[in-house]
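Trainee: With the UniProt record's numbering applied, the sequence shown covers 1 to 127. By construction, the Cβ of each residue, glycine as well, lies at the ideal position given by its N, Cα and C atoms. In this text, all values refer to a predicted model and were calculated from it rather than measured experimentally.
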Amino acid sequence: MAHSHTHHDAHQGHDDHHDHGSFKSYMTGFVLAVILTVIPFGIVMGGGFDSRAMTIGLVVLCAVAQVLVHMIYFLHMNSSSEEGWTLLSTIFTVVIVVIMLAGSLWVMFHLNTNMMPQMNHELQVMP
Numbered sequence: 001m002a003h004s005h006t007h008h009d010a011h012q013g014h015d016d017h018h019d020h021g022s023f024k025s026y027m028t029g030f031v032l033a034v035i036l037t038v039i040p041f042g043i044v045m046g047g048g049f050d051s052r053a054m055t056i057g058l059v060v061l062c063a064v065a066q067v068l069v070h071m072i073y074f075l076h077m078n079s080s081s082e083e084g085w086t087l088l089s090t091i092f093t094v095v096i097v098v099i100m101l102a103g104s105l106w107v108m109f110h111l112n113t114n115m116m117p118q119m120n121h122e123l124q125v126m127p
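Quick look at the structure:
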């Protein structure tokens with residue numbers, strides 16, 4: 001009887017009732033991830049829509065959906081896991097990604113403006 005009590009104590013830390021996924025949930029996540037990859041790839045390789053903003057919007061929407069699919073089906077993140085630390089780390093990650101993207105776009109825009117000004121061929125004198 002002492003053996004079963006010790007055996008129970010040894011697995012007590014692992015008995016936290018978190019859903020670690022099943023084959024069905026992994027396959028659902030995989031299929032959704034493939035679909036969310038194929039849709040923007042097909043649209044972009046096909047030349048996109050007539051509206052560039054619509055093409056960009058759909059690609060961004062699929063990217064956000066892809067992130068959510070990975071977080072839910074593969075990382076098993078839900079509202080009850082780890083007492084809010086998951087939400088806090090997700091918010092931190094989103095803030096860092098937004099800062100990185102905004103900073104990269106800002107730098108690229110200003111590099112393009114400062115390094116590639118309108119070419120003035122009159123200043124170039126050919127001997």
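(1) Let me make sure I understand the geometry here. Which of 37, 113, 104, 114 has the alpha-carbon closest to that of residue 70?
(2) With distance defined between alpha-carbon atoms, name the residue in 34, 61, 68, 103 nearest to residue 87.
(3) DSSP state of residue 128, grouped into three classes?
(4) Which stretch, first to last residue, makes up the alpha helix (DSSP H) that contains residue 43?
(5) Can you look up residue 92 in the DSSP assignment and give me helix, strand or coil?
(6) Counting along the chain, where does the alpha helix (DSSP H) carrying residue 57 start and finish?
(7) Just mark residue 26 as buried or exposed, buried being the case when its beta carbon has 16 or more other beta carbons within 10 Å.
(8) Go ahead and pull the three-state DSSP assignment for residue 77.
(9) What residue from 53, 31, 28, 63 has the CA that sits closest to residue 41's CA?
(10) Ordered along the chain, which non-local residues of its own chain (more than five positions away) have a Cβ less than 8 angstroms from that of residue 58?
Mentor: According to the structure shown:
(1) 37
(2) 68
(3) Limits of the chain in this structure are 1 at one end and 127 at the other, which puts residue 128 out of reach.
(4) 23-45
(5) helix
(6) 52-69
(7) exposed
(8) coil
(9) 63
(10) 39, 40, 43, 49
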